[in-house]
Amino acid sequence: MFDFVPIESYTTIYFQMLLFFLMATLLHSFVLAIDDYKNIRFVNYFGHFALLFVVLYIGLRPISGVFVDMTMYAYSFERFQENNPLIVTEDYAFYWFMDFCSQIMNVETFFLVCALLYIVPLYILSVKWFGKYWYYSFFILVGSLSFWAYGTNGIRNGMATSFFLFSLIYIDKRAIMIPLLILSCFFHKTMVLPTMGLALTYFNNDSRNYLKGWLLCIPISLIFGNYFVEFFANIGFDDHRIDQYFTDQIDEGITQTGFRWDFLLYSATGVYAGWYYLFKKNFQDKLYQRMFNIYLFANAFWVLVIRANFSNRFAYLSWFMLGIIIIYPLLKGDFLKEKNKSIGFVLLGYYAFTYLLTVILVRS
1 MFDFVPIESY
11 TTIYFQMLLF
21 FLMATLLHSF
31 VLAIDDYKNI
41 RFVNYFGHFA
51 LLFVVLYIGL
61 RPISGVFVDM
71 TMYAYSFERF
81 QENNPLIVTE
91 DYAFYWFMDF
101 CSQIMNVETF
111 FLVCALLYIV
121 PLYILSVKWF
131 GKYWYYSFFI
141 LVGSLSFWAY
151 GTNGIRNGMA
161 TSFFLFSLIY
171 IDKRAIMIPL
181 LILSCFFHKT
191 MVLPTMGLAL
201 TYFNNDSRNY
211 LKGWLLCIPI
221 SLIFGNYFVE
231 FFANIGFDDH
241 RIDQYFTDQI
251 DEGITQTGFR
261 WDFLLYSATG
271 VYAGWYYLFK
281 KNFQDKLYQR
291 MFNIYLFANA
301 FWVLVIRANF
311 SNRFAYLSWF
321 MLGIIIIYPL
331 LKGDFLKEKN
341 KSIGFVLLGY
351 YAFTYLLTVI
361 LVRS
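With full-length UniProt numbering applied, the sequence shown covers 1 to 364.
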């Protein structure tokens, strides 16, 4: 469908389109109140247009090495079609899903279905949590730093993170939530980490303890960082067969070694947001507190191995939640005087970092 788009510009055009969506959103945010009928009508019509664009643009992209592991997935799919599958030793649910799809559809349709399973859960959870203001949540999720790479490169990783977030809709219905969490982990094994964080919140959901633990991990990493790098390397987290989540150009900047103060500051935006909402604004929401604690738990593990050249793989296991951590209280709470304008500024600042890293720095 999008074969007319130059393959070397395919990724850039996605981010340029999101920039267009952002500018249109800001225009309404600065002029209209959030509950104004015109604004509600805009965000719903425009939001569904954005949803359709993201699904089709990701789902119908050409099969190309530009998207790195996409060609590997296509090759695996063809092996299943030929009844000569690869030997599967992990992520069983994803490969069972691939095997099933290979019997009833072609590879192009398979990638479209993957895009639907990746994106539609984010739409549903945004509608469930935020109702008529769902578009703001959806935009911040599809405009996140890792979203594009999860959808086009680390495909099963992205689907697993969406299943995890989707499971939180059923936080009070464990009979539904637990199977979704298991599915998430069996689509990609690294989702065990945030799932462990969720389980821990049922024993201790005091965010002060998680904040202290996250802060403590910084000096521990500075002093004993190499020990943790070796430890996690020995249990398999430096396995180079694990999917690279970013394109080569972006990954070069993300995965360089050393103590990454820049990305620690990026992670700290979520830490500060949660602290500000929960303790300064006294935002009371058990689900948000639980999600914030999961974010702190998963991000703390990344801080411990921040020096490693594979540490980005840990970072993404918390960063996929960052947009929700930032936007959730803004849409649920009533502590902002000019709510729509404030949300506009937050979306602008959040997406500016994504655009800087994925478009501006890649060109330079």
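Think of the CB as a built atom: it goes at the ideal place given N, C-alpha and C, for glycine as much as any other residue.
Since the model is a prediction, treat every value here as computed from it, not as a measurement.
Next item on the list: Taking 8 angstroms as the threshold, find out whether the region 272-288 comes into contact with the region 176-189 through three or more Cβ pairs.
Entry: The region 272-288 makes no contact with the region 176-189, as fewer than three CB pairs between them are under 8 angstroms.
Notebook entry, point to check: Looking at C-alpha atoms only, which residue of T354, G213 and W129 is the closest neighbour of F263?
Noted result: Measuring C-alpha to C-alpha distances from F263 to each of T354, G213 and W129 identifies T354 as the nearest.
Item checked: Contact the region 125-144 vs the region 82-93: 3+ CB pairs below 8 angstroms -> With the cut-off at 8 angstroms, the region 125-144 and the region 82-93 do not touch.
Notebook entry, point to check: What whole-angstrom Cβ distance do Y118 and Y57 have, given they're in contact under 8 angstroms?
Noted result: Not quite, the Cβ-Cβ distance comes to about 12 angstroms (not below 8 angstroms), so this is no contact.
Notebook entry, point to check: Which full runs of the alpha helix (DSSP H) of 4+ residues lie inside the region 109-162, going along the chain?
Noted result: Assignment of alpha helix (DSSP H) within the region 109-162, counting only whole runs of 4 or more residues, yields 134-142 and 147-152 in chain order.
Note to self: If distances are taken between C-alpha atoms only, which option among Y288, W302, R307 and V359 comes closest to Y328?
What the structure shows: The option with the nearest alpha carbon to Y328 is Y288.
Next item on the list: Determine the contact status of K281 and G333, defining contact as a CB-CB distance below 8 angstroms.
Entry: Going by C-beta atoms, K281 is nearer than 8 angstroms to G333.
Next item on the list: Report yes if the CB atom of R61 is closer than 8 angstroms to the CB atom of F67, and no otherwise.
Entry: Yes, the Cβ-Cβ distance between R61 and F67 is below 8 angstroms.
Notebook entry, point to check: Relative to the C-alpha of I325, which residue among A268, V359 and M23 is closest?
Noted result: Nearest to I325 by C-alpha distance, out of A268, V359 and M23, is A268.
Notebook entry, point to check: Where does K38 fall in DSSP's three states?
Noted result: Three-state DSSP puts K38 in a helix.
Margin query: Less than 8 angstroms between the C-beta atoms of G344 and I140, yes or no?
Written below: Result no, Cβ atoms of G344 and I140 do not sit closer than 8 angstroms.
Next item on the list: Give the straight-line distance between the Cα atoms of T12 and M321, rounded to the nearest whole angstrom.
Entry: Computed Cα separation, rounded: 23 angstroms.
Item checked: Close-in-space but distant-in-sequence residues of the same chain around S342 (CB under 8 angstroms, 5 per side omitted) -> Once the five neighbours on either side are set aside, the close Cβ partners of S342 are L330 and L336.
Check: Fully enclosed by the region 174-231, which alpha helix (DSSP H) runs are 4 residues long or longer?
Finding: Listed in chain order, the complete alpha helix (DSSP H) runs (minimum 4 residues) inside the region 174-231 are 174-187 and 192-201.
Item checked: Rounded distance between the beta-carbons of A50 and F21, thought under 8 angstroms -> By a beta-carbon distance limit of 8 angstroms, F21 contacts A50. Their separation comes to about 5 angstroms.
Notebook entry, point to check: Helix or strand or just coil, what does DSSP make of G65?
Noted result: Here G65 sits in helix by DSSP.
Notebook entry, point to check: Tell me which same chain residues have a C-beta within less than 8 angstroms of the C-beta of residue 366, skipping the five on either side of it?
Noted result: Because residue 366 is not part of the residues shown, which for the chain are 1 to 364, the question remains open.
Check: When burial is assigned at 16 or more other CB atoms within 10 Å of the CB, is M23 buried or exposed?
Finding: Of the other Cβ atoms in all chains shown, fewer than 16 fall within 10 Å of the Cβ of M23; this residue is therefore exposed.
Check: To the nearest angstrom, how far is it from the Cα of N44 to the Cα of D35?
Finding: The alpha-carbon atoms of N44 and D35 are separated by roughly 12 angstroms.
Checklist line | Three-state secondary structure assigned by DSSP to D285 | finding: Look at D285 here: in three-state DSSP terms it is coil, with no helix or strand label.
Notebook entry, point to check: In terms of residues, what are the limits of the alpha helix (DSSP H) holding L80?
Noted result: Looking at the sequence shown, residue 80 is not Leu but Phe. It spans M70 to Q81 - the alpha helix (DSSP H) in which F80 sits, taken as one unbroken run.
Notebook entry, point to check: So, is the C-beta of V127 closer than 8 angstroms to a C-beta in chain C?
Noted result: Absent from the structure: chain C. Only one protein chain is present.
Margin query: Between the alpha carbons of P85 and F100, how many angstroms are there, rounded?
Written below: Answer to the nearest angstrom: the Cα atoms are 12 angstroms apart.
Item checked: Three-state class that DSSP yields for M17 in the structure shown -> DSSP places M17 within a helical segment (H, G or I) once states are collapsed to three.
Next item on the list: Enumerate in chain order the residues of its own chain whose CB-to-CB distance from K339 is below 8 angstroms, with the five nearest sequence positions on each side excluded.
Entry: The residues are A33, I34 and L330.
Notebook entry, point to check: Whole-angstrom Cβ separation of F292 and S207, contact assumed at under 8 angstroms?
Noted result: Their Cβ separation, rounded to whole angstroms, is 6 angstroms, which keeps F292 and S207 in contact under 8 angstroms.
Notebook entry, point to check: Cα-Cα, which of N299, R290, Y276 and H188 is closest to Y266?
Noted result: Out of N299, R290, Y276 and H188, N299 has the C-alpha closest to the C-alpha of Y266.
Next item on the list: Determine the extent of the alpha helix (DSSP H) in which G270 is found, giving its start and end residues.
Entry: Per DSSP, G270 belongs to the alpha helix (DSSP H) from W261 to W275.
Checklist line | Exposure of A315, with buried meaning 16 or more beta-carbon neighbours within 10 Å | finding: By the neighbour-count criterion, in which a residue is buried when 16 or more other Cβ atoms sit within 10 angstroms of its Cβ, A315 is buried.
Check: Distance, Cα to Cα, L304 vs N106?
Finding: Whole-angstrom Cα-Cα distance: 43 angstroms.
Check: Ordered along the chain, which non-local residues of its own chain (more than five positions away) have a Cβ less than 8 angstroms from that of T71?
Finding: Answer for T71: I63, S64 and G65, listed in chain order.
Notebook entry, point to check: Quick one: what does DSSP say L86 is sitting in, helix, strand or coil?
Noted result: Of the three classes helix, strand and coil, the one that applies to L86 here is coil, per DSSP.
Notebook entry, point to check: For W214 versus L296, is the C-beta spacing smaller than 8 angstroms?
Noted result: Yes, these two residues count as a Cβ contact at 8 angstroms.
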